[in-house]
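Peer 1: Attaching a single structure in structure tokens format; questions to follow.
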Amino acid sequence: MTLIESLRRIPPAVALQILLAHAVLLVASLSGGLPYVAMQGLLALELVLLNLATVPFYPQRGLLTHLFDLVKLCALLAFLLLFVCISYAIAAGGEHADPIAATRDRLQGLHPSAMAWAVGYIVVSLSLSLLQALRSPDPRLAWMNDRLAAGGSTFVAMLLMVFVGFFCARPIAAALEVVGARADPDVLLISLMVGVRFFTALVGATITRAEVEAMARNPYVDGPG
Numbered sequence: 020m021t022l023i024e025s026l027r028r029i030p031p032a033v034a035l036q037i038l039l040a041h042a043v044l045l046v047a048s049l050s051g052g053l054p055y056v057a058m059q060g061l062l063a064l065e066l067v068l069l070n071l072a073t074v075p076f077y078p079q080r081g082l083l084t085h086l087f088d089l090v091k092l093c094a095l096l097a098f099l100l101l102f103v104c105i106s107y108a109i110a111a112g113g114e115h116a117d118p119i120a121a122t123r124d125r126l127q128g129l130h131p132s133a134m135a136w137a138v139g140y141i142v143v144s145l146s147l148s149l150l151q152a153l154r155s156p157d158p159r160l161a162w163m164n165d166r167l168a169a170g171g172s173t174f175v176a177m178l179l180m181v182f183v184g185f186f187c188a189r190p191i192a193a194a195l196e197v198v199g200a201r202a203d204p205d206v207l208l209i210s211l212m213v214g215v216r217f218f219t220a221l222v223g224a225t226i227t228r229a230e231v232e233a234m235a236r237n238p239y240v241d242g243p244g
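For the sequence shown, our numbering begins at 20 and goes up steadily by one.
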């Protein structure tokens with residue numbers, strides 16, 4: 020079965036729910052005042068905290084294995100964030116723009132309170148989901164349905180945005196400049212990120228319940244969960 024055929028099998032109600040959720044996400048992201056680089060940094064932080072919160076569900080893996088997983092994740096996210104900064108600079112000023120200067124200039128006007136509220140929301144939201152999952156009859160399945168599936172979609176979206184940022188953002192910005200409409204790089208990249216996240220969420224919705232239950236038992240590819 021091809022990906023397109025799988026996407027067509029998504030129930031309309033599920034597809035509509037995903038669409039509305041990402042529409043709300045787009046509006047909230049654009050109205051929140053956070054620049055694209057900061058938003059990606061918050062998503063990276065959420066994935067790190069999600070990794071930590073998953074530890075209690077799979078104690079048999081051992082703390083050293085979980086710690087090694089966390090180190091690998093942090094290294095990969097740092098690598099992705101480096102390319103986030105580079106792609107942001109290219110979208111904002113062209114291929115010869117300085118990524119460090121572009122990122123620093125954009126983050127200078129960021130209010131610490133805005134970041135504090137965002138980090139607080141992430142921590143509280145994950146904590147509530149963790150407590151709810153631990154109290155459910157099947158904690159692993161509840162955690163997979165509520166958080167791990169969404170975290171997987173976010174991670175894949177961040178990975179895809181490395182390519183989208185490089186190969187799509189600047190051509191779109193250049194095309195808009197040709198018609199006299201200068202694109203705000205934050206608005207452009209945030210919109211693309213939400214669009215990519217919407218696509219990965221749709222792909223995630225094609226996974227069958229049996230596959231979700233199997234992944235809940237062991238979401239790790241390197242050994243038993």
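Beta carbons are placed, not taken as given, at the ideal position from N, Cα and C, and that holds for glycine.
Taking only runs of the alpha helix (DSSP H) that begin and end inside the segment 92-131, which ones reach a length of at least 4 residues, in chain order?
Peer 2: The qualifying runs are 118-127.
Peer 1: Let me make sure I understand the geometry here. Which of Thr122, Ala40 and Ala116 has the alpha-carbon closest to that of alanine 57?
Peer 2: Among Thr122, Ala40 and Ala116, the Cα nearest to that of alanine 57 belongs to Thr122.
Peer 1: With DSSP run on the structure shown, which of helix, strand or coil describes leucine 53?
Peer 2: Here leucine 53 sits in coil by DSSP.
Peer 1: Take glutamate 232 and list the residues in its own chain whose beta-carbon comes closer than 7 Å to its own, dropping the five residues that flank it on each side.
Peer 2: Correct list, in chain order: Leu160.
Peer 1: Would the segment 61-73 and the segment 158-178 be scored as touching if the rule is three or more Cβ pairs under 8 Å?
Peer 2: Because the criterion of three Cβ pairs below 8 Å is met, the segment 61-73 and the segment 158-178 touch.
Peer 1: Considering Cα atoms alone, identify which of Gly112, Leu92, Ile119 and Gly113 is closest to leucine 101.
Peer 2: Nearest option by C-alpha distance: Ile119.
Peer 1: Tell me, to the nearest whole angstrom, how far the beta carbon of threonine 227 is from that of isoleucine 29; I am working on the premise that it is less than 8 Å.
Peer 2: Going by Cβ atoms, the distance from threonine 227 to isoleucine 29 rounds to 12 Å, so no, they are not a contact pair.
Peer 1: Can you grab the Cα-Cα spacing for the pair alanine 44 / valine 138, in whole Å?
Peer 2: The amino acid occupying residue 44 in the given sequence is leucine; alanine does not appear at that position. Approximately 16 Å between the Cα atoms of the pair.
Peer 1: If I follow the unbroken alpha helix (DSSP H) through methionine 234, where does it start and stop?
Peer 2: Methionine 234 -> alpha helix (DSSP H) spans 228-236.
Peer 1: Is the Cβ-Cβ distance between leucine 221 and leucine 26 less than 7 Å?
Peer 2: In contact: leucine 221 and leucine 26 (Cβ atoms closer than 7 Å).
Peer 1: Thinking C-alpha only, which one of Ala188, Gly223 and Met180 is nearest valine 215?
Peer 2: Taking only the C-alpha atoms, the option nearest valine 215 is Met180.
Peer 1: Which residues in the same chain as valine 33 place their Cβ atom closer than 7 Å to its Cβ, once the five residues preceding and following it in sequence are excluded?
Peer 2: Same-chain partners within the cutoff: Ala224.
Peer 1: For my contact list, leucine 126 and proline 54 are in at a C-beta cut-off of 8 Å; report their separation, rounded to the angstrom.
Peer 2: That pair is a contact at about 7 Å.
Peer 1: Select from Ile209, Leu150 and Ile191 the residue whose C-alpha is nearest the C-alpha of arginine 201.
Peer 2: Looking at the Cα atoms, Ile191 is the closest of the given residues.
Peer 1: Is it buried or exposed, tyrosine 140, if we count other Cβ atoms within 10 angstroms and call 16 or more buried?
Peer 2: Counting Cβ neighbours within 10 Å, tyrosine 140 comes out exposed, since fewer than 16 surround it.
Peer 1: With 16 other CB atoms within 10 Å as the buried threshold, where does tryptophan 136 fall?
Peer 2: The residue is exposed, with fewer than 16 neighbouring Cβ atoms inside 10 Å.
Peer 1: Where does valine 198 sit, in a helix, a strand or coil, going by DSSP?
Peer 2: Reduced to three states, the DSSP call for valine 198 is coil.
Peer 1: Going by DSSP, what residue range makes up the alpha helix (DSSP H) through valine 74?
Peer 2: Valine 74 -> no alpha helix (DSSP H), and no H or E assigned at all.
Peer 1: Apart from the five residues just before and just after isoleucine 37, which ones in its own chain have a Cβ nearer than 7 Å to its Cβ?
Peer 2: If we look at isoleucine 37 and ignore the five residues flanking it on each side, its Cβ neighbours are Phe217, Ala220, Leu221 and Ala224.
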